[in-house]
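Residues in the sequence shown are numbered consecutively from 288, following the working numbering.
Written out below as C-alpha cells is the structure these notes cover.
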Amino acid sequence: MKFTSLSIVVLFFGVAHSGYIGGGGGSGGFGGGHGGFGGSGHLGGGSGSYGGGSGSYGGNGNGYASGLGLHTIAQGSANDAHSAVANQHAAAQQASFIAKTTLAQQASQAAATAKAALAGKQVQLQNLEQQRNEAQRELESEIEQLQRAKQSASAVANAAQQAAKHVSVLSNALDNARSSAQQAENAAGQASAELSSQNAMVAKAKSKIQDIERRLAASRAEYAATKEAVHKAQHAAEKAHQNAAAAGQKSIIQLQEHGSDGNGGIEEAFWG
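Written out as C-alpha cells, the structure reads:
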C-alpha cells in the first residue's frame, strides 16, 4: 500500500492520539486499582496490565518481589520517551510541509494575478497602437488635402494675375475683366482661408500623434515591467512547489528511518 507524505503524517498523528503510541496514565500505577503504564493503547499499556488488586504482580498479592515491577515501569517509560521523540519529529515535518504547501499555493495565485495584469496591459497596448495607426492615416489624409489646397491656391492666384492683365489690356472688356478679377480675388481669399484651416488641422493632427506616441512609450515601459514581474512570480511559484515536494519526500524518508530504528511496534501501527 502506498501513502503520500501528507497522509503518512496525518496517519502518524492519528495513531499517536488514538493510543497506539503513548497515551495517558492509568489510575493506580504499580499497586492497587486498575493502573497501568498509559491509556488504552497498544504500547501504553491497558487498564491493569501490571496494576494492583490481588493479582500475581499486584501490591496486595503474594507474587514476585517489587523489583520485577520496577523494571517493567522503567521499560514502559523508555518506550513512552521514544514515542514522544518520534511524535516530535513527525510534528515538525508536518508543520514544514503544510507551511511550504501553503506558500506554494499563494505563489501560484500571485503568478495568476500577474498574468491577468499582463493581459490587461497587452490589450491597452494594442488599443494605443491602433489609435496611433488611425491618427497616422488621418495625418496623411490631411497632408494630401493640404497639397491639393496649395495647388488650388496657386492656380487661383495665377488666374487672378491673368485677369489683372486682361483689365489693363482689354479696355473694351473692362467690366467683364473687373468682374472676373473680383471673382478671382474672392476665390483667392477663400483658398487662403482654406489653406490656413488646413495648416491648423495639420498642426492639430501632429500634436495628437505626439501625445499618442508619449502614451505608447509609457505603456510599453509598463508592459515590460509587468512582463518581468510575471516572470519572477512564475519562477517563485515553481521554486515553492519544488520546496513543497522536497519537504514531503523528506518527511517520508524520516518517518521510514524512525520506523527502522528497532521500534517494531511503530511500523506495525503504521502499516497494520
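Just so you know, even glycine gets a beta-carbon here, dropped at the ideal spot from N, CA and C.
Since the structure is predicted, the reported quantities are computational estimates derived from the model, not experimental observations.
*Assigned exposure category for residue 389 - 16 Cβ within 10 Å defines buried*: Under this definition residue 389 is an exposed residue.
*Is residue 459 helix, strand or coil when you go by DSSP?*
In the structure shown, residue 459 falls within a coil segment according to DSSP collapsed to helix, strand and coil.
*Pull up the distance between the alpha-carbon of residue 539 and that of residue 509, whole angstroms please.*
Those two C-alpha atoms are separated by around 45 Å.
_Quick check on the burial criterion: 16 or more other C-beta atoms within 10 angstroms. Buried or exposed for residue 542?_
Residue 542 should be labelled buried.
*Are the CB atoms of residue 442 and residue 468 nearer to each other than 8 Å?*
Result no, Cβ atoms of residue 442 and residue 468 do not sit closer than 8 Å.
*With distances taken between CB atoms, is the gap from residue 485 to residue 433 smaller than 8 Å?*
Annotated as proximal: residue 485 and residue 433, with beta-carbon spacing under 8 Å.
*Could you give the C-beta distance for residue 401 and residue 516, rounded to a whole number, given that I count them as a contact under 8 Å?*
Confirmed, about 5 Å.
*So, is residue 370 buried or exposed, given that buried needs 16 or more other C-beta atoms within 10 angstroms?*
Looking at its Cβ environment, which holds 16 or more other Cβ atoms inside 10 Å, residue 370 is buried.
_Contact between the segment 413-431 and the segment 517-524 is defined here as three or more beta-carbon pairs at a separation below 8 Å; is this criterion met?_
No contact exists between the segment 413-431 and the segment 517-524.
*asked:* Closest to residue 471 by C-alpha separation, out of 481, 387 and 451, would be which residue?
replied: With distances taken between CA atoms, residue 471 lies nearest to 451 out of 481, 387 and 451.
_Residue environment, residue 545, which counts as buried when at least 16 other CB atoms sit within 10 Å_ = By the C-beta density criterion, residue 545 is buried, having at least 16 other C-beta atoms within 10 angstroms.
_alpha helix (DSSP H) segments (min. 4 residues) lying fully within the segment 427-455_ = Listed in chain order, nothing qualifies, since the segment 427-455 has no complete alpha helix (DSSP H) run of 4 or more residues.
*For residue 534, count neighbouring C-beta atoms within 10 Å of its own C-beta (all shown protein chains included) and say buried if the count is 16 or more, exposed if not.*
So residue 534 ends up on the buried side.
*Mind checking residue 437: buried by the 16 CB within 10 Å criterion, or exposed?*
With fewer than 16 other Cβ atoms within 10 Å, it is exposed.
*Roughly how many angstroms lie between the CA atoms of residue 376 and residue 396, to the nearest whole one?*
Distance between the alpha carbons of residue 376 and residue 396: 31 Å.
_Classify residue 476: buried if its beta carbon has 16 or more other beta carbons within 10 angstroms, exposed otherwise._
Exposed, by the Cβ-count rule.
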